[in-house]
Amino acid sequence: SKLLSSSMVTDGNTILAESLKKQGVEYVFGIVGIPVIELAMAFQSAGLKYIGMRNEQAAAYAAQAIGYLTGKPGVCLAVSGPGLLHCIGGMANAQVNCWPLLVIAGSCPEDHEGIGGFQEWPQVEASRPYCKYAGRPPSARLIPLHVERAVRLASAGRPGVSYLDMPGTLLTAEVDEDKVPELYHAEPVAPAYPNPALVEKAAEVLAKAERPLIIVGKGAAYAHAEDAVNKLVENTKIPVLPTPMGKGVVPDVSPYVVSTARTAALLKADAVLLLGARLNWMLHFGQPPRFAPDVKVIQVDINPEELHNSVKSEVAVHSDIKPFVELLSQKLAEKKVSLQPASNGWWQQLKKKQESNVAFVEAQANDKTVPLNYYAVFKTVQANIPKDSIIVSEGANTMDIGRGVLLNNKPRHRLDAGTFGTMGVGPGFAVAAAMWCRDYAPGKRVVCVEGDSAFGFSGMEIETMFRYKLPVIIVIVNNNGIYSGFDKDTMADIQSSGDVTQCTPPTSLSSEVRYEKMMEMFGETGHFCRTVEEIEAALKKAAAVTDRPSIINIAINPQSSRKPQDFNWLTESKL
Ligand code: ADP
Ligand code: MG
Numbered sequence: 022s023k024l025l026s027s028s029m030v031t032d033g034n035t036i037l038a039e040s041l042k043k044q045g046v047e048y049v050f051g052i053v054g055i056p057v058i059e060l061a062m063a064f065q066s067a068g069l070k071y072i073g074m075r076n077e078q079a080a081a082y083a084a085q086a087i088g089y090l091t092g093k094p095g096v097c098l099a100v101s102g103p104g105l106l107h108c109i110g111g112m113a114n115a116q117v118n119c120w121p122l123l124v125i126a127g128s129c130p131e132d133h134e135g136i137g138g139f140q141e142w143p144q145v146e147a148s149r150p151y152c153k154y155a156g157r158p159p160s161a162r163l164i165p166l167h168v169e170r171a172v173r174l175a176s177a178g179r180p181g182v183s184y185l186d187m188p189g190t191l192l193t194a195e196v197d198e199d200k201v202p203e204l205y206h207a208e209p210v211a212p213a214y215p216n217p218a219l220v221e222k223a224a225e226v227l228a229k230a231e232r233p234l235i236i237v238g239k240g241a242a243y244a245h246a247e248d249a250v251n252k253l254v255e256n257t258k259i260p261v262l263p264t265p266m267g268k269g270v271v272p273d274v275s276p277y278v279v280s281t282a283r284t285a286a287l288l289k290a291d292a293v294l295l296l297g298a299r300l301n302w303m304l305h306f307g308q309p310p311r312f313a314p315d316v317k318v319i320q321v322d323i324n325p326e327e328l329h330n331s332v333k334s335e336v337a338v339h340s341d342i343k344p345f346v347e348l349l350s351q352k353l354a355e356k357k358v359s360l361q362p363a364s365n366g367w368w369q370q371l372k373k374k375q376e377s378n379v380a381f382v383e384a385q386a387n388d389k390t391v392p393l394n395y396y397a398v399f400k401t402v403q404a405n406i407p408k409d410s411i412i413v414s415e416g417a418n419t420m421d422i423g424r425g426v427l428l429n430n431k432p433r434h435r436l437d438a439g440t441f442g443t444m445g446v447g448p449g450f451a452v453a454a455a456m457w458c459r460d461y462a463p464g465k466r467v468v469c470v471e472g473d474s475a476f477g478f479s480g481m482e483i484e485t486m487f488r489y490k491l492p493v494i495i496v497i498v499n500n501n502g503i504y505s506g507f508d509k510d511t512m513a514d515i516q517s518s519g520d521v522t523q524c525t526p527p528t529s530l531s532s533e534v535r536y537e538k539m540m541e542m543f544g545e546t547g548h549f550c551r552t553v554e555e556i557e558a559a560l561k562k563a564a565a566v567t568d569r570p571s572i573i574n575i576a577i578n579p580q581s582s583r584k585p586q587d588f589n590w591l592t593e594s595k596l
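Written out as structure tokens, the structure reads:
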């Protein structure tokens with residue numbers, strides 16, 4: 022490489038670019054400006070793929086999605102001060118989701134520091150709470166070692182975020198190439214194997230259980246444990262419940278997936294095998310009233326610090342999911358653990374629940390009254406999108422209701438607001454997913470299902486999708502508001518009933534906004550739909566377009582809502 026040839030002068034930009042390449046980084050999502058324009062060009066010269074975005078937050082979302090999809094951190098590149106600060110929401114989201122991400126920002130030149138430099142900000146300190154590692158290489162020659170460390174910390178153990186601060190003076194600093202330490206790339210650390218005694222104990226607990234349940238989280242998806250998990254499930258026929266992004270590790274169409282009896286499965290299980298999911302708010306802390314008080318938890322996590330969080334696990338295993346599940350499968354086969362769904366009482370209970378829930382959803386979905394309800398929209402979307410598309414989804418009702426109807430039969434095919442519940446992630450995730458499809462799964466499509474409110478956070482990334490010719494199908498489920506809004510006439514009445522500021526409900530947005538007309542900014546036309554037939558026609562057209570995004574804006578009944586729930590998840594606090 023250029024760095025290793027003799028006695029030439031190189032600079033910080035080049036060293037950084039080549040160091041990233043050496044560490045296996047493939048993608049950089051960012052926004053350039055002073056002092057990182059030359060850096061982005063150096064990235065391209067080094068063979069990294071640079072994707073210019075419209076907001077640093079969306080760039081950070083894109084970079085972490087590519088990290089989740091590929092298992093290698095993507096880079097988010099930003100300018101100094103406000104540029105880096107705009108990334109912080111994305112950094113927090115990646116850290117909370119346990120996804121690898123490397124943020125690199127330019128910063129104020131060192132000889133202007135402390136005297137009011139341009140965009141001067143304590144960027145390393147500002148990043149630290151959102152990172153596993155945050156640092157500034159003290160000299161250009163040490164950049165390769167800092168990059169190796171940043172990539173290693175973002176990837177190893179529980180994945181997370183690294184930040185590298187690059188003052189303008191460091192990027193342009195010239196160094197004799199022979200003074201730069203040789204770049205090395207350590208092979209990924211071998212997966213952690215479980216203690217065999219704990220595998221045996223886990224097998225015993227599951228063999229004795231009357232109502233066992235396997236919960237599959239996005240950690241299992243990240244671990245690429247799908248083959249091992251599917252084998253375990255097929256052999257034992259233990260019911261499986263995926264978390265939102267755990268969907269697809271075991272195909273949603275599998276007869277062993279009990280998502281449609283989620284509440285009952287959690288409540289009645291007497292033993293839970295927890296594979297790459299945390300007992301946080303998303304799983305109701307593993308506690309009553311949502312879990313049985315005496316449920317035995319077998320917890321498997323790559324991060325030992327996670328073990329016993331919120332409830333004491335019966336068996337707590339520090340291990341990579343894949344080897345654990347492979348060894349557990351063997352043990353359970355020896356013990357001949359295999360439920361008989363046709364006669365097993367636990368399976369009968371769950372099946373009854375599944376049937377009544379499916380009947381409710383079907384009745385809603387078959388109600389094609391205009392304005393449409395959520396279920397009718399999602400049923401139509403599910404039936405008309407290309408097979409095995411990656412589904413990106415956000416928005417409160419849109420995401421919650423859509424999760425049950427839009428199926429994932431492949432792992433890592435769902436990207437949503439995640440553990441942090443972040444709105445605005447959709448378009449950035451979709452850009453990354455579409456890049457991944459182009460490079461790793463040609464022909465596979467990305468369908469980005471957004472609420473109208475959620476779309477508003479990062480909608481301008483539609484320009485990014487056009488520029489890079491990414492055929493994302495954006496479906497906006499438009500109910501004129503946050504959670505829900507009002508039809509045009511009602512909204513007009515409300516707003517004219519007094520002072521407009523005081524009268525406008527905080528949850529409302531303008532009625533029937535024609536988001537699809539954003540396509541006209543690029544000389545194309547979008548789709549505005551009110552009926553099932555219009556949605557079908559629009560999806561067919563969008564699927565045929567392969568070199569640019571499409572927008573399908575669906576006006577639904579603004580008062581449409583979710584199926585009544587047995588538990589109100591946020592207000593069940595016992596404090
Ligand atoms: P979900 O939102 O699906 O419930 P979480 O993000 O809460 O998932 O949990 C994922 C868990 O998976 C984290 O605790 C993380 O440490 C763990 N994890 C990530 N990769 C692996 C792996 N290869 N093996 C085991 N556990 C993993
Ligand atoms: Mg809405």
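For any residue, its number in full-length UniProt numbering is found by taking its place in the sequence shown, counting from 1, and adding 21.
Virtual Cβ for every residue (Gly too), placed ideally from N, Cα, C.
Predicted model, so just to flag it, every value in this text is computed and none were measured.
How about residue i and residue j: are their beta carbons less than 8 Å apart?
i	j	result
alanine 83	isoleucine 52	no
valine 534	threonine 485	no
serine 581	asparagine 394	yes
isoleucine 577	methionine 540	no
alanine 455	valine 398	no
leucine 227	alanine 292	yes
tyrosine 205	glutamate 169	yes
serine 148	proline 188	no
proline 432	proline 344	no
Can you pull the DSSP bridge partners for residue i?
i	result
leucine 98	Gly51, Ile125
alanine 292	Pro233, Lys317
isoleucine 575	Val498, Cys550
leucine 436	Val413
valine 470	Ser414, Val496
histidine 339	Asp322
methionine 542	None; methionine 542 has no bridge partner.
proline 188	Ser128
cysteine 106	Before going further, note that residue 106 is leucine rather than cysteine in the sequence given. In DSSP, leucine 106 forms no bridge with anything.
serine 529	Gly502
Measure from the alpha carbon of residue i to the alpha carbon of each residue in the options, then state which is nearest.
i	options	result
alanine 354	Asp421, Trp120, Glu225	Glu225
lysine 222	Leu349, Tyr48, Tyr536, Ala363	Leu349
leucine 288	Asp437, Gly73, His305, Gln65	His305
threonine 91	Ala462, Leu191, Gly238	Ala462
tyrosine 489	Arg75, Ala286, Gln523	Arg75
cysteine 232	Lys239, Ala290, Gly477	Per the sequence shown, residue 232 should be read as arginine rather than cysteine. Looking at the Cα atoms, Ala290 is the closest of the given residues.
isoleucine 259	Pro265, Tyr214, Tyr243, Pro276	Pro276
leucine 37	Leu185, Val553, Glu335	Leu185
glutamine 403	Gly423, Gln85, Ala384, Asn118	Gly423
lysine 357	Asp315, Asn256, Met266	Asn256
alanine 230	Tyr214, Ala115, Val318	Val318
glutamate 141	Val279, Ile55, Ala386, Trp120	Ile55
What three-state label does DSSP hand residue i in the structure shown?
i	result
tyrosine 71	strand
tyrosine 154	strand
valine 398	helix
threonine 91	helix
methionine 29	coil
proline 180	coil
glutamate 195	strand
serine 40	helix
proline 263	strand
valine 278	strand
leucine 393	strand
valine 382	helix
residue 641	Missing from the structure shown is residue 641; the chain here goes from 22 to 596 and no further.
Alpha carbon to alpha carbon, how far is residue i from residue j?
i	j	result
leucine 163	valine 201	7 Å
glycine 544	leucine 491	16 Å
serine 529	valine 172	43 Å
alanine 63	aspartate 32	10 Å
lysine 584	proline 325	38 Å
tryptophan 457	glycine 464	11 Å
glycine 472	lysine 374	29 Å
proline 180	isoleucine 235	23 Å
alanine 337	lysine 408	38 Å
residue 11	alanine 475	Given that the chain is displayed from residue 22 to residue 596, the structure contains no residue 11 and the question cannot be resolved.
proline 362	aspartate 315	24 Å
aspartate 510	threonine 401	28 Å
proline 165	aspartate 341	29 Å
Taking 7 Å as the cut-off, is the beta-carbon of residue i closer than that to any non-hydrogen atom of the ligand SAM?
i	result
aspartate 197	The ligand SAM is not part of this structure, which contains only the ligand ADP and the ligand MG.
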